[in-house]
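Have a look at the structure below before the remarks.
In the working numbering, the protein residues as written are 106 to 403.
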C-alpha cells in the first residue's frame, strides 16, 4: 500500500515553493480492512490518521476513475472542487507488436487451437484468484480452454497446491519472465483476465488494463459490486473492450467466457476498441496535459 510521508511532502513544497499532486492507486487502509488483512483496532485508526494527513499534504489528487473520484469527494468533509480530478493511468504509446503467434504458443507448450486466458501480475489476496480457479474447473469439460498465470505473490503456492490437489489440469503457472517475453506471450493469448475480491467496498481500477489494451487483448473481469459499477461499466459499456461478471458468480463468468470463445469477431472488435482507447487516452502526453490543465484551473 502507498503511504507517503506527509511531513516530507510538506517540507518539499516549502523548499521548492511548489504544489504537489498525488496519483491515487490504492485507498488504504480501507481496502485492507475489506478483505480482512486489517481489523478495526488502534493500528487501523493510526493508519487512517496518517492517510488523512497524507491527503491533506497534496494540493491535487488524481483519481483513476469516476468511482474513485466520487468516493474521495464523499469522504472529504473539506471537499474542494479543484483538488480532485480524474487522472487515468498512462504509458508510453508503443507500436503494435509483430510476432509469430504459433511459435510463441509452441514455446510455452500450447496448441494452435487452444483458447488461452492469461492473468499476469501479483497473485495476492486482493485478486482472489480462487474465483478464477473455479472458472477453470468449470471449463474442464471444454478441452481447448486453458488458463495461464504469470507472476508471483503471497497466494501463488496456495493456488498451485489447489490446482494439483483438485486436478485442474487446464491451468499452468509461469515464474517471472522478462518484460518483452511477457508481452509476447500475453499477445499470443486470447483473453486477458482481471480479478478482484468480492468483499471490496472501494472502487478499484486494475492497472493491468493498460497492458491488455495495448496488446489488443479483450478482457474478462471478475469484479466486486463496487468496482463492477465503476470499472465494469467503463470496460464493457464505455470503452467496449471486454466483459465482466460479479466475483463469485462462476456460472455467469463462465457464460461470459463462452461468449468470447465462440465469437472471433467479438474478441477482435473488443481488442481493437481497447487499443484505440490506449492510443487516444492513455499516453504520457495526455496525462501531462490533464495535470497542467487542473493546476491552471486555480
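Yeah, the Cβ is synthetic: ideal placement off N, Cα and C, and Gly gets one too.
Under the three-state reduction of DSSP output, residue 142 falls in the coil class, being neither helix nor strand. For residue 335, same chain residues with a beta-carbon under 6 Å away, outside a window of 5 residues either side, are 170, 172 and 308 in chain order. The beta carbons of residue 292 and residue 202 sit closer together than 8 Å. C-alpha of residue 256 to C-alpha of residue 140: approximately 21 Å in a straight line.
The Cβ atoms of residue 238 and residue 263 lie no closer than 8 Å to each other. Within the same chain, and ignoring the five residues on either side of residue 184 in sequence, the residues whose Cβ sits closer than 7 Å to its Cβ are 178. Residue 164 is a Cβ neighbour of residue 125, given a cutoff of 8 Å.
Residue 199 and residue 319 do touch by the CB rule: their CB atoms are close to 7 Å apart, below 8 Å. If you compare the alpha carbons of 204, 361, 312 and 341 with that of residue 131, the shortest gap goes to 312. In this structure, DSSP gives residue 248 a state outside helix and strand, which the three-state scheme calls coil. With three or more CB-CB distances shorter than 8 Å, the region 208-226 counts as touching the region 282-297. The C-alpha of residue 368 is placed about 17 Å away from the C-alpha of residue 248. Non-local beta-carbon contacts of residue 135 in its own chain, meaning distances under 6 Å to residues more than five positions away in sequence, involve 307 in chain order.
Collapsing the DSSP output to three states places residue 306 in coil. A straight-line Cα-Cα distance of about 19 Å links residue 188 and residue 110. For residue 162, same chain residues with a beta-carbon under 6 Å away, outside a window of 5 residues either side, are 111, 114 and 115 in chain order. DSSP places residue 331 in the helix class (H, G or I) of the three-state scheme. A Cβ-Cβ distance of about 7 Å is found for the pair residue 301 and residue 232, placing them in contact under the 8 Å criterion.
Burial is judged here by how many other beta carbons sit within 10 angstroms of a residue's own beta carbon; residue 323 has at least 16 and is buried.
The DSSP assignment places 171-180 as complete runs of the alpha helix (DSSP H) inside the region 153-200, in order along the chain (cut-off: 4 residues). Taking all protein chains shown into account, residue 193 has 16 or more neighbouring C-beta atoms within 10 Å of its C-beta and is therefore buried.
In the three-state DSSP reduction, residue 274 falls in the coil class, being neither helix nor strand.
Here the alpha carbon of residue 398 sits roughly 49 Å from the alpha carbon of residue 275. According to the DSSP assignment, residue 389 belongs to no beta strand (DSSP E) but to the alpha helix (DSSP H) extending over 389-401.
Contact between residue 259 and residue 229 holds: their C-beta atoms lie close to 5 Å from each other, under 8 Å. The secondary-structure analysis by DSSP pairs residue 296 across a beta bridge with 222.
By the CB criterion at 8 Å, residue 273 and residue 241 fall inside the cutoff.
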